[in-house]
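Notes to accompany the following structure.
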Amino acid sequence: MAKFFMLTSMAPLFLLFCLPLAFAAHDYGQALSKSILFFEAQRSGYLPHNQRVTWRANSGLNDGKATGVDLVGGYYDAGDNVKFGLPMAFTITMMSWSIIEYGKQMAASGELGHAIDAVKWGTDYFIKAHPEPYVLYGEVGDGNSDHYCWQRPEDMTTDRRAYKIDPSNPGSDLASETAAAMAAASMVFRHHNPAYANELLAHAHQRLSGALMTHSQPLPYGAN
Numbered sequence: 033m034a035k036f037f038m039l040t041s042m043a044p045l046f047l048l049f050c051l052p053l054a055f056a057a058h059d060y061g062q063a064l065s066k067s068i069l070f071f072e073a074q075r076s077g078y079l080p081h082n083q084r085v086t087w088r089a090n091s092g093l094n095d096g097k098a099t100g101v102d103l104v105g106g107y108y109d110a111g112d113n114v115k116f117g118l119p120m121a122f123t124i125t126m127m128s129w130s131i132i133e134y135g136k137q138m139a140a141s142g143e144l145g146h147a148i149d150a151v152k153w154g155t156d157y158f159i160k161a162h163p164e165p166y167v168l169y170g171e172v173g174d175g176n177s178d179h180y181c182w183q184r185p186e187d188m189t190t191d192r193r194a195y196k197i198d199p200s201n202p203g204s205d206l207a208s209e210t211a212a213a214m215a216a217a218s219m220v221f222r223h224h225n226p227a228y229a230n231e232l233l234a235h236a237h238q239r240l241s242g243a244l245m246t247h248s249q250p251l252p253y254g255a256n
């Protein structure tokens, strides 16, 4: 027991000396840059002129058209071509809080602007996906057919139907996470784009109100 106590009590001191040496071998600025760059590779819709992942092109330009809703934009999920609402909302929530907590460090490494752009790419899509107070489109694409093939998003031929939640087809988990994403993002834009921040907050309030009125029921292919 005494030997165990001595080893465990020395562990913090050991880490104090060893961690700086371990960290010195890694470029965390580059890790941050490439982490954000990953999301640019996952973009759906009309890509901007400053798109850094140049081998990507416009894709998913008819998303939502069959149901009369503009659902162009957002992010693809995990290397496939489906747009799943819940992981996208979680991503935007966590990215927003990363900017809120570590914005100064991101700015020092030159990545703050890219991180903010990544958040806005997601929230612009969430605004489109929330065309009415109690309606939220939570998935575009068919996970089953999509996962049977490997296609570039620019060339995809799989089903692009859109799935929504509403009072008749509820999904409080998806609605709540999307509300959280938009509320967190509103804090990111509060100082330099207050009008956009207010728009996000209004959508967040509507989505949370809708979530509290319904129970959770998953969409067909796991978007929530």
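The opening position of the sequence shown corresponds to residue 33 in the working numbering, with each subsequent residue numbered one higher.
Ideal Cβ positions, reconstructed from N, Cα and C, are used throughout, including at glycine.
For residue i and residue j, I'd like the C-alpha separation in whole angstroms.
{"i": "residue 240", "j": "residue 57", "result": "45 Å"}
{"i": "residue 212", "j": "residue 125", "result": "6 Å"}
{"i": "residue 59", "j": "residue 68", "result": "15 Å"}
{"i": "residue 120", "j": "residue 174", "result": "16 Å"}
{"i": "residue 197", "j": "residue 208", "result": "12 Å"}
{"i": "residue 231", "j": "residue 204", "result": "21 Å"}
{"i": "residue 177", "j": "residue 191", "result": "7 Å"}
{"i": "residue 86", "j": "residue 74", "result": "12 Å"}
{"i": "residue 48", "j": "residue 134", "result": "With a pLDDT of only 43 at residue 48, under the threshold of 50, the placement of this residue in the model should not be trusted, and no figure is reported."}
{"i": "residue 152", "j": "residue 188", "result": "25 Å"}
{"i": "residue 98", "j": "residue 194", "result": "8 Å"}
{"i": "residue 96", "j": "residue 234", "result": "23 Å"}
{"i": "residue 81", "j": "residue 117", "result": "26 Å"}
{"i": "residue 63", "j": "residue 168", "result": "34 Å"}
{"i": "residue 200", "j": "residue 115", "result": "22 Å"}
{"i": "residue 143", "j": "residue 150", "result": "11 Å"}
{"i": "residue 79", "j": "residue 222", "result": "25 Å"}
{"i": "residue 94", "j": "residue 76", "result": "11 Å"}
Which residues mark the beginning and the end of the beta strand (DSSP E) in which residue i is found?
{"i": "residue 194", "result": "194-197"}
{"i": "residue 168", "result": "168-172"}
Mind checking who residue i pairs with in its DSSP beta bridge?
{"i": "residue 201", "result": "198"}
{"i": "residue 96", "result": "According to DSSP, which records beta bridges pairwise, residue 96 is partnered with nothing at all."}
{"i": "residue 228", "result": "Answer is none; residue 228 lacks a bridge partner."}
{"i": "residue 116", "result": "171"}
{"i": "residue 91", "result": "77"}
{"i": "residue 107", "result": "75"}
{"i": "residue 164", "result": "167"}
On the CB-based measure, 16 or more other CB atoms within 10 Å of its CB, does residue i come out buried or exposed?
{"i": "residue 109", "result": "buried"}
{"i": "residue 155", "result": "buried"}
{"i": "residue 202", "result": "buried"}
{"i": "residue 136", "result": "exposed"}
{"i": "residue 107", "result": "buried"}
{"i": "residue 66", "result": "exposed"}
{"i": "residue 145", "result": "exposed"}
Starting from residue i, follow the alpha helix (DSSP H) in both directions and report where the run begins and ends.
{"i": "residue 27", "result": "Because the chain is modelled from 33 through 256, residue 27 falls outside the range shown and cannot be assessed."}
{"i": "residue 146", "result": "144-161"}
Am I right that residue i and residue j are in contact with their C-beta atoms under 8 Å? What's the rounded C-beta distance?
{"i": "residue 112", "j": "residue 162", "result": "Not really, about 23 Å apart at Cβ, beyond 8 Å."}
Hey, is residue i close to the ligand NAP, as in C-beta under 7 Å from one of its heavy atoms?
{"i": "residue 195", "result": "You won't find the ligand NAP in this model; it holds no ligand whatsoever."}
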